[in-house]
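Enquirer:
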Amino acid sequence: MNRQQILDLYAWEEGVCFRCPSKGLVPTAHVETIRPSAGGVQDVRACRDCILQMEADRKSAAARRGRPYSPGRIGIDDEGD
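Using UniProt numbering, read the sequence shown as starting at 1 and increasing by one per residue.
(1) Taking all protein chains shown into account, decide if A61 is buried (16 or more other Cβ within 10 angstroms of its Cβ) or exposed.
(2) With C-beta atoms as the reference, is I51 less than 8 Å away from Q42?
(3) Pull the bridge partners of P71 from the DSSP assignment, please.
(4) Within 10 angstroms of its Cβ, does C20 collect 16 or more other Cβ (buried), or is it exposed?
(5) Cβ of G15 within 8 Å of Cβ of L25?
(6) Find the nearest neighbour of D49 within the set T28, R64, R65, E32, judged by alpha-carbon distance.
(7) What alpha helix (DSSP H) runs, 4 residues minimum, are completely inside the stretch 45-69?
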């Protein structure tokens with residue numbers, strides 16, 4: 001898959017990327033929802049560049065483990081170790 005095909009697997013909305021917040025508001029995809037000990041709920045979001053990097057990391061990790069890789073699944077905990 002090319003970069004755009006991978007990005008098209010995610011739903012995008014304005015937000016702040018957890019990996020590079022200095023970019024400010026940019027298109028982001030939902031990565032995870034966390035519940036901080038201080039209370040409440042916080043959505044964790046990532047920008048396009050970071051999503052692509054995380055997908056590349058997932059693909060490399062899958063290859064090292066000899067497991068199949070399926071893009072578009074960041075934040076879905078079904079891959080196990």
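Just so you know, even glycine gets a beta-carbon here, dropped at the ideal spot from N, CA and C.
Since the model is a prediction, treat every value here as computed from it, not as a measurement.
Expert: By the coordinates alone:
(1) Burial state of A61 is exposed, judged by a 10 Å Cβ sphere holding fewer than 16 other Cβ atoms.
(2) no
(3) BP columns for P71 are empty, so no partner.
(4) exposed
(5) yes
(6) Nearest Cα to D49 within the set T28, R64, R65, E32: T28.
(7) Within the stretch 45-69, the complete alpha helix (DSSP H) runs of at least 4 residues fall at 48-65.
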